[in-house]
Amino acid sequence: MSEIIPIGPYHPLQEEPEFFRLHVDGERVTQLDIEIGYNHRGIEKLAESKSWDQVVFLVERICGICSTSHPAASINCMEDLGAIEAPERAQYIRTIICELERIHSHLLWLGLAGHFIGYNTVWMWAWKYREIVCDVLEKISGNRQSYSMFKAGGVRRDILEDDIPWIRKKMDELKPSLDMFLGAVSDDPVIHARTKGVGILTKQQAIDYCVVGPTARPSGIEIDVRKDDPYFAYDWVDWDMIVMEEGDVFAKTACRILEMKESVKIIEQCLDKMQPGIIDLEIKELPAGEGIGRAEAPRGEVYHYCLSDGSNFPSRYKVRAPSYTNILSNEVACIGQTVADAALVLAAVDPCYCCTERVVVVDDNTNTEKIISGNDLIKLSHEKTKKLRKELGI
Amino acid sequence: MTWEEIKKEIKDKYDKKIIKWFEHNDNRIYVDINPEDLVEFAEYLFKELKSRFIIASGVDTPRGGIEILYHFDFFQLPQVFSLRVFLKKPEIEVGSLSPIITGAKWIEREIHELLGVNFKNHPDYKKHLILPEDWPEGKYPLRRDQ
Chain U
97 MSEIIPIGPY
107 HPLQEEPEFF
117 RLHVDGERVT
127 QLDIEIGYNH
137 RGIEKLAESK
147 SWDQVVFLVE
157 RICGICSTSH
167 PAASINCMED
177 LGAIEAPERA
187 QYIRTIICEL
197 ERIHSHLLWL
207 GLAGHFIGYN
217 TVWMWAWKYR
227 EIVCDVLEKI
237 SGNRQSYSMF
247 KAGGVRRDIL
257 EDDIPWIRKK
267 MDELKPSLDM
277 FLGAVSDDPV
287 IHARTKGVGI
297 LTKQQAIDYC
307 VVGPTARPSG
317 IEIDVRKDDP
327 YFAYDWVDWD
337 MIVMEEGDVF
347 AKTACRILEM
357 KESVKIIEQC
367 LDKMQPGIID
377 LEIKELPAGE
387 GIGRAEAPRG
397 EVYHYCLSDG
407 SNFPSRYKVR
417 APSYTNILSN
427 EVACIGQTVA
437 DAALVLAAVD
447 PCYCCTERVV
457 VVDDNTNTEK
467 IISGNDLIKL
477 SHEKTKKLRK
487 ELGI
Chain S
508 MTWEEIKKEI
518 KDKYDKKIIK
528 WFEHNDNRIY
538 VDINPEDLVE
548 FAEYLFKELK
558 SRFIIASGVD
568 TPRGGIEILY
578 HFDFFQLPQV
588 FSLRVFLKKP
598 EIEVGSLSPI
608 ITGAKWIERE
618 IHELLGVNFK
628 NHPDYKKHLI
638 LPEDWPEGKY
648 PLRRDQ
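Chains as they are written, first to last, in the numbering used here: chain U, 97 to 490; chain S, 508 to 653.
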């Protein structure tokens, strides 16, 4: 019996609506259709009517979770266009903001993934420790989200010397919790059973689908803009790129946790190396020409292209967010999975979260429709975890 | 391969087909080619030189046509290599890269909807990717002549 299960497009947990139509044969997914475009806001067109300074604020509003990645790519793009090099202190501050954001975004994902497989403790803990990061961001920028820190040629706010010992203390508080998550994920047999061998994206598939970030690295692809095309201060600090071979949900989880540890390392080194100095070049104009800017967002490479005619406005502004390439790879990663696992696989690419608000089961044979809620899909996933726990005697 | 080796290979193989080779700086390379050479060139970049397709950007230019830039990079190298084709109006058509590079499927549909470029041999145009289903036919939001 062949059935079609549509998932989405809206869910309060996710910030971008997507729509997934699962074709299932019994319990197994045989085909996946993806639809996007439910929330197309015309940002590229809008950017053409904004001044260069305003563009940075505009692109900051593309994504609420990784709100600093788009401004990072955007200022890289403008600095490429105008051959500008921002002052050293500004580069360190930018790096710190980007890495703090990576930690909070990964913790947010980890919490939701925990909730999905029925580990609500992981959810609560991850979000509790995320508060530490949000506090630091608030101390530096005045905002927990959408920090408005970046501008072409520098940053808008300095990190005060008086705040640095406090930031260090907060980073020290964060370290044991990251170790605890790593321990929990690598030791728990139920998490292994739910995530190992599930939703595998092979290296070749990752290449064909051109995926980026923590969707590509767990599949054995060495790709990270911070290493490949170093920007900000990433070249001046010592850190490792996390690459894994398996390509399953477990590898994607482990990769993100290890990355958070690297982020803490980067932040600490930036705080050590930062010297007093100017933070802004006060750029007034950008020349005519083309610019390309890249930045490694928590979800992968953000890519911006701009075309300038020398005026105060871009004449074309192109944005490519990492989920744009990553989500399409679900087409192959979901095949052969059970419905209970499908939601987890869709979530594993962190597509600004997977959506299960409205689920319609269509029975092709009888042509009947049955509507079940998103909660039921999470319940399916929870039941599977419970069953596994029972089998393993935990 | 180093960037110098890649550059030499590309120049040796496609010397006659390259209209313009422009280096904005060491890491940003823009290469103009004819639309009819695009599919072959892109296949060579993707399969032989093991490059990665980043994205394509479509621009409606005041020169009476649409420009598409296909951005590639070569894993672990900082260079972004952008292939530029110019499609003269009114027949805006170019070969599709989707049969070779699966990751190009969505962006070609997007450019088709927003700029009205027809991609020959694209596997799947049937539904709108980002525009509403009731969007009027023949209206392209990123065109400047409408």
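In this text, a Cβ means the ideal position worked out from N, Cα and C, and glycines have one as well. Since the structure is predicted, the reported quantities are computational estimates derived from the model, not experimental observations.
By Cβ distance below 8 Å, which residues in the same chain neighbour residue i in space, the five residues on each side in sequence not counted?
| i | result |
| --- | --- |
| residue 431 of chain U | 125, 126, 127 and 128 |
| residue 259 of chain U | 235 and 236 |
| residue 245 of chain U | 164, 167, 189, 190, 193, 236, 237, 251, 252 and 253 |
| residue 183 of chain U | 250, 373, 374, 375, 376 and 377 |
| residue 390 of chain U | 169, 172, 321, 325, 327, 397, 398, 399 and 400 |
Give the secondary structure of residue i by DSSP, where H, G and I count as helix, E and B as strand, and everything else as coil.
| i | result |
| --- | --- |
| residue 127 of chain U | strand |
| residue 640 of chain S | coil |
| residue 633 of chain S | coil |
| residue 193 of chain U | helix |
| residue 472 of chain U | helix |
| residue 541 of chain S | coil |
| residue 376 of chain U | strand |
| residue 410 of chain U | strand |
| residue 554 of chain S | helix |
| residue 384 of chain U | strand |
| residue 297 of chain U | coil |
| residue 395 of chain U | coil |
| residue 242 of chain U | coil |
| residue 435 of chain U | helix |
| residue 628 of chain S | coil |
| residue 329 of chain U | coil |
| residue 343 of chain U | coil |
| residue 355 of chain U | helix |
| residue 322 of chain U | helix |
| residue 492 of chain U | A query on residue 492 of chain U cannot be resolved here, the shown segment of chain U reaching from 97 to 490 and no further. |
| residue 317 of chain U | coil |
| residue 510 of chain S | helix |
| residue 647 of chain S | coil |
| residue 430 of chain U | coil |
| residue 292 of chain U | coil |
| residue 516 of chain S | helix |
Please return the same chain residues whose Cβ sits closer than 6 Å to the Cβ of residue i, not counting the five positions on each side in sequence.
| i | result |
| --- | --- |
| residue 312 of chain U | 302 and 319 |
| residue 392 of chain U | 320, 321 and 322 |
| residue 201 of chain U | 161, 162 and 394 |
| residue 335 of chain U | 358, 361 and 362 |
| residue 546 of chain S | 602 |
| residue 262 of chain U | none |
| residue 274 of chain U | 356 and 357 |
| residue 634 of chain S | none |
| residue 401 of chain U | 388 and 414 |
| residue 648 of chain S | 621 |
Can you round the beta-carbon distance between residue i and residue j to whole angstroms, since I take them to be within the 8 Å contact cut?
| i | j | result |
| --- | --- | --- |
| residue 42 of chain U | residue 176 of chain U | What the structure shows of chain U is the stretch from 97 to 490, and residue 42 of chain U is not part of that stretch, so it cannot be assessed. |
| residue 478 of chain U | residue 122 of chain U | Not a contact, Cβ separation roughly 21 Å. |
Can you give me the Cβ contacts of residue i inside the same chain, cut-off strictly under 7 Å, excluding the 5 residues immediately before and after it?
| i | result |
| --- | --- |
| residue 632 of chain S | 616 and 619 |
| residue 603 of chain S | 615, 626, 627, 628 and 629 |
| residue 180 of chain U | 248, 249, 377 and 379 |
| residue 553 of chain S | 560, 607 and 608 |
| residue 385 of chain U | 177 and 404 |
| residue 241 of chain U | 160 and 163 |
| residue 370 of chain U | 185 and 188 |
Quick one: does residue i have its CB under 7 Å from some CB of chain B?
| i | result |
| --- | --- |
| residue 579 of chain S | No chain B appears in this structure, whose protein chains are U and S. |
(request) Give the residues from the region 514-543 of chain S that approach chain U closer than 8 Å (Cβ to any Cβ), ordered along the chain. (result) From the region 514-543 of chain S, only 531, 532, 534, 535 and 537 have a Cβ closer than 8 Å to chain U.
(request) Taking a Cβ distance cut-off of 7 Å, strictly less, list which residues of the region 298-328 of chain U are near chain S, in chain order. (result) 304, 305, 306, 318, 319, 324 and 325
(request) Using a Cβ-Cβ cut-off of less than 9 Å, list which residues of the region 627-645 of chain S approach chain U; keep chain order. (result) 634, 635, 636, 637, 638 and 639
(message) In chain order, what are the residue ranges of uninterrupted alpha helix (DSSP H) at least 4 long that sit wholly in the region 565-623 of chain S?
(response) 612-622
(request) Could you pull out every unbroken alpha helix (DSSP H) segment of at least 4 residues lying fully inside the region 123-183 of chain U, listed in chain order? (result) 139-143, 148-156 and 165-178
(message) Which residues of the region 136-155 of chain U have a Cβ closer than 8 Å to any Cβ of chain S? Give them in chain order.
(response) 136, 138, 140 and 141
(request) Using a Cβ-Cβ cut-off of less than 9 Å, list which residues of the region 170-191 of chain U approach chain S; keep chain order. (result) 176, 177 and 179
(message) If the cut-off is 7 Å on Cβ atoms, which residues from the region 546-575 of chain S count as contacting chain U, listed in chain order?
(response) 559, 560, 561, 562, 564 and 566
(request) Could you list the residues in the region 590-615 of chain S with a C-beta less than 9 Å from some C-beta on chain U, going in chain order? (result) 608, 609, 610, 611, 612, 613 and 614
(message) What ranges does the alpha helix (DSSP H) occupy inside the region 192-279 of chain U, keeping only unbroken runs of at least 4 residues that lie completely in it?
(response) Listed in chain order, the complete alpha helix (DSSP H) runs (minimum 4 residues) inside the region 192-279 of chain U are 216-237.
(request) Give the residues from the region 406-417 of chain U that approach chain S closer than 7 Å (Cβ to any Cβ), ordered along the chain. (result) 412, 414 and 416
(message) Residues of the region 370-387 of chain U in Cβ contact with chain S at a cutoff of 9 Å, in chain order, please.
(response) 385, 386 and 387
(request) Mind checking the region 122-135 of chain U against chain S and listing, in chain order, the residues whose C-beta falls within less than 8 Å of any C-beta there? (result) 131, 132 and 133
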